[in-house]
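Numbering (the numbering used here), first residue to last: 20 to 499. Glycine is no exception: its CB is placed at the ideal position from the N, C-alpha and C atoms. What follows is a single structure, written as structure tokens, with notes after it.
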Ligand SMILES: *[C@@H]1O[C@H](CO)[C@@H](O)[C@H](O)[C@H]1NC(C)=O
Ligand SMILES: *[C@@H]1O[C@H](CO)[C@@H](O)[C@H](O)[C@H]1NC(C)=O
């Protein structure tokens, strides 16, 4: 016996419509496409002398009643609409229980059914049942691999196929994307609903989860389909491991090329700004090993990473020293040196403090004149290894202007504009403040500051390279 689908219907058998209430049916029966529906119908004798001569099930479709099934106590059952009797039958053919079973259901079985008893002396009496045929949709959701772009486009699609009535699709996400939904009616009368989740695909959206929620009459609760977005973006490359203390005859120095991207770049190509790699280095995937530091590695190393979306290179300027940097050696000489350096630093600090106080007093005088409020700008120092500016420096007159790092992208053309545009918003990968160039309007003013900053940490002023255009490039890492 097939399942009795009776969603939404009152389960009690309701009285029929006539006064001598004797036909009991369900108001509404819900069945699923391809399954069976059971339409109960019982005759309850109101009077002991009442006689039933025949039962007829009729279906009303487009304003016309058609006989579906007839039961006669002598002639037995008959199914005028289903001559072979394969889809329609009585559950237990009798005059008291004329429950009808239809299945496998088709969508056109939906309609209003009348269970009519021909009685004597009461005449015809009937009960009415609405049969609703639902199609349970098949729900799927998938992500589309799309490249980062500044154009909104679908990044995921959710489909609820062959449902009836059409499913309702919504999306859950924190990404604030837009959705567009369309419906197609299939040949069998079912409806396929397709919903697209649309975004301006960004690197940040990669790996994020959006959830498609499908609501349908056939589902006791909404079905949720999580989708993990896949936004393709070119490699983001950085070289790490340079400790700024490569000196002649040092053993074991290493650079590591790190790259992020979707898909993840796995191939790294090392070179130098002057062409091929020096003989003294060995490459192991992302690692560049120097067994013995010599003048041949006094160059700029370039690591290039490639994935399906693009090819990006980053360079690292290596400065080979004649001797280890002061901070590295622990000898007595170095100690003395650092003491001297320390005293010197304190002296310079004092001098700068004095200059600062003087300037401040002057500014205060000026401010009293203009009555404007002073907004100290945050300053960033170009070299990742330089100390953060002391509080005193943070209030020097002129803010330093940070210009975005340059970077050589060999992406496809349509990516280029976008990359340039994004470069300004993107935080430098791996937190390398050193990827940015900082332009100083007054180099003379800055020179002593940098010298001081470097001296405090035992660095040479040479760690920074003054350029004739007034910018200072960190030697630690530079975007190309
Ligand atoms: C959604 O669409 C609106 C209007 O078309 C657009 O302004 C907005 O940027 C879109 N949102 C996203 C996340 O793409
Ligand atoms: C490395 O090159 C710089 C100039 O780029 C030079 O000043 C320095 O002396 C060189 N180091 C060695 C060990 O040759």
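Exercise. Should residue 89 be labelled buried (16 or more other beta-carbon atoms within 10 Å of its own) or exposed?
Worked result: The count along the chain shown starts at 1 and reaches residue 89 at position 70. Using a 10 angstroms sphere on the CB of residue 89, the tally of other CB atoms reaches 16 or more, which defines it as buried.
Problem set entry | Environment of residue 128 [buried if 16+ CB atoms lie within 10 Å] | Here residue 128 corresponds to residue number 109 of the chain shown, with the count starting at 1. Classification of residue 128: buried, given that the 10 Å Cβ count is 16 or more.
Problem set entry | Alpha carbon of residue 282 to alpha carbon of residue 255, nearest angstrom | Taking the chain shown and counting its residues from 1, the one referred to as residue 282 is at position 263. Taking the chain shown and counting its residues from 1, the one referred to as residue 255 is at position 236. Their Cα atoms are separated by approximately 11 Å.
Exercise. Would you say residue 44 and residue 146 are within 9 Å of each other, going by their C-beta atoms?
Worked result: Here residue 44 corresponds to residue number 25 of the chain shown, with the count starting at 1. Here residue 146 corresponds to residue number 127 of the chain shown, with the count starting at 1. Yes, these two residues count as a Cβ contact at 9 Å.
For this session: Identify, in the order they occur along the chain, each residue of the same chain with its Cβ nearer than 7 Å to the Cβ of residue 172, setting aside the five sequence neighbours on each side.
Result: As a position in the chain shown, residue 172 is number 153, starting the count at 1. Cβ within range, chain order: 165, 217, 220.
For this session: May I ask you to check if the CB of residue 267 is nearer than 8 Å to at least one heavy atom of ligand 2?
Result: For the purposes of this step, residue 267 is taken as residue 248 along the chain shown, with counting starting at 1. Yes, the beta carbon of residue 267 sits closer than 8 Å to at least one heavy atom of ligand 2.
Exercise. Which parts of the segment 69-146 are runs of the beta strand (DSSP E), unbroken and 3 residues or longer, counting only runs that do not cross its ends?
Worked result: Whole beta strand (DSSP E) segments, 3+ residues: 70-80, 83-91, 95-97, 107-109, 119-121, 130-139.
For this session: Decide if residue 203 is buried, meaning its Cβ has at least 16 other Cβ atoms within 10 Å, or exposed.
Result: Against the chain shown, residue 203 aligns to sequence position 184. With fewer than 16 Cβ atoms within 10 Å of its Cβ, residue 203 is classed as exposed.
Problem set entry | Test item, CB below 5 Å from any non-hydrogen atom of ligand 2 | 314, 317, 339
Exercise. DSSP three-state call for residue 47: helix, strand or coil?
Worked result: Taking the chain shown and counting its residues from 1, one reaches residue 47 at position 28. In the structure shown, residue 47 sits in a strand (DSSP, three-state: E or B).
Exercise. So residue 274 packs on residue 320, CB below 8 Å; how close in whole Å?
Worked result: By one-based count along the chain shown, residue 274 stands at place 255. By one-based count along the chain shown, residue 320 stands at place 301. About 6 Å; that satisfies the 8 Å criterion.
Exercise. Residue 312 by DSSP, collapsed to three states: which one?
Worked result: Sequence index remark: in the chain shown, residue 312 carries index 293 (1-based). For residue 312, the three-state secondary structure derived from DSSP is coil.
Problem set entry | Under the three-state DSSP convention, the category residue 206 falls into | Position 187 of the chain shown, counting from 1, holds the residue named residue 206. Looking at residue 206 - three-state DSSP - the assignment turns out to be coil, as it is neither helix nor strand.
Exercise. For the beta strand (DSSP E) that residue 283 lies in, which residues bound it at each end?
Worked result: As a position in the chain shown, residue 283 is number 264, starting the count at 1. Element bounds for residue 283: n/a, residue is neither H nor E.
Problem set entry | Contained beta strand (DSSP E) runs [length at least 3] in the segment 245-274, N- to C-terminal order | 250-259
Exercise. Taking buried to mean at least 16 other C-beta atoms within 10 Å of its own C-beta, is residue 280 buried or exposed?
Worked result: For this step, residue 280 is matched to residue 261 along the chain shown. Flag for residue 280 reads buried.
Problem set entry | Buried or exposed (CB count within 10 angstroms, at least 16 for buried), residue 285 | Numbered from its first residue, the chain shown carries residue 285 at position 266. Label assigned to residue 285: exposed.
Exercise. At what residues does the beta strand (DSSP E) containing residue 301 begin and finish?
Worked result: For the purposes of this step, residue 301 is identified with residue 282 of the chain shown, where counting begins at 1. It spans 300-303 - the beta strand (DSSP E) in which residue 301 sits, taken as one unbroken run.
Exercise. Between residue 511 and residue 372, what straight-line distance do the alpha-carbon atoms span, to the nearest angstrom?
Worked result: A query on residue 511 cannot be resolved here, the shown segment of the chain reaching from 20 to 499 and no further.
Problem set entry | Limits of the beta strand (DSSP E) - the one that residue 173 falls within | Within the chain shown, residue 173 is the residue found at index 154, counting from 1. Element bounds for residue 173: 172-182.
Exercise. Residues in its own chain within less than 7 Å of residue 487 by CB, not counting five upstream and five downstream?
Worked result: Locating residue 487 in the chain shown gives position 468, where the first residue counts as 1. Unreliable positioning characterises residue 487 in this predicted model, as indicated by a pLDDT of 39, which lies under 50. The coordinate reading is nonetheless provided below. Cβ neighbours of residue 487 beyond the five flanking positions: none.
Problem set entry | Alpha-carbon to alpha-carbon, residue 93 and residue 112 | On the chain shown, position 93 is the one that residue 112 refers to. On the chain shown, position 74 is the one that residue 93 refers to. Going by the C-alpha atoms only, they are around 12 Å apart.
Problem set entry | Where residue 352 falls, given that 16 or more other Cβ within 10 Å makes a residue buried | Numbered from its first residue, the chain shown carries residue 352 at position 333. Since pLDDT at residue 352 reaches only 46, below the 50 mark, its modelled position is unreliable, and no value is offered.
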